[in-house]
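In what follows, a structure is listed as structure tokens, so that the remarks can point back to it.
Residue numbers (full-length UniProt numbering): 1 to 156.
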């Protein structure tokens with residue numbers, strides 16, 4: 001017979017398999033039984049491979065030693081002035097609405113009241129914090145800061 005005949009046999013077998021599966025679903029059986037059976041099969045199969053070996057990983061060091069050249073570069077970088085800003089929230093508006101803003105206009109932001117502010121250095125998020133008032137001036141108490149290692153990685 002031609003390849004079309006074999007394709008039809010495969011098609012018929014697939015349709016029969018699907019019909020059996022649908023009949024099995026409609027028998028009112030507990031789906032949890034099916035899940036348990038699959039989990040048991042996987043657990044039995046997992047123990048069958050005795051040649052599996054545990055992986056060995058090197059310890060990660062946050063305080064990895066740095067060379068003198070890197071220290072000199074870092075000292076130079078530490079003296080560079082940066083702009084730090086606190087972002088209360090953001091909003092997107094059309095230019096038409098932007099031009100209509102005047103004194104007393106209210107712009108809705110994407111943050112809920114009481115949600116932490118973003119602390120940005122040169123536009124890069126480094127921390128979250130909450131607003132405080134110190135001697136009649138606003139300040140920010142940092143509540144979540146990106147680790148020093150991550151901040152240095154962003155500089156490189």
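Idealized CB from N, CA, C, for every residue including glycine.
Residue i lies in the alpha helix (DSSP H); which residues open and close that run?
i           : result
residue 136 : Where residue 136 is concerned, there is no enclosing alpha helix (DSSP H), given that its DSSP letter is neither H nor E.
residue 68  : 68-78
residue 96  : 95-99
By a C-beta neighbour count over all protein chains shown, 10 Å radius and 16 as the cutoff for buried, is residue i buried or exposed?
i           : result
residue 74  : exposed
residue 127 : buried
Which residue wins for smallest C-alpha separation from residue i, given the options the options?
i           : options        : result
residue 130 : 117, 91, 123   : 117
residue 120 : 84, 91, 149    : 84
residue 88  : 55, 40, 114    : 114
residue 151 : 32, 78, 98     : 78
residue 139 : 86, 80, 19, 32 : 86
CB-CB under 7 Å to residue i, same chain, minus the five flanking residues each way: which ones, in chain order?
i           : result
residue 143 : 116, 128, 129, 130
residue 82  : 121, 122
residue 146 : 126, 127
Which residue comes first and which comes last in the beta strand (DSSP E) that contains residue i?
i           : result
residue 118 : 117-121
residue 84  : 84-87
For residue i, collect the residues of the same chain with a Cβ closer than 8 Å to its Cβ; drop the 5 residues on either side in sequence, then sort them by chain order.
i           : result
residue 154 : 124
residue 110 : 89, 90, 91
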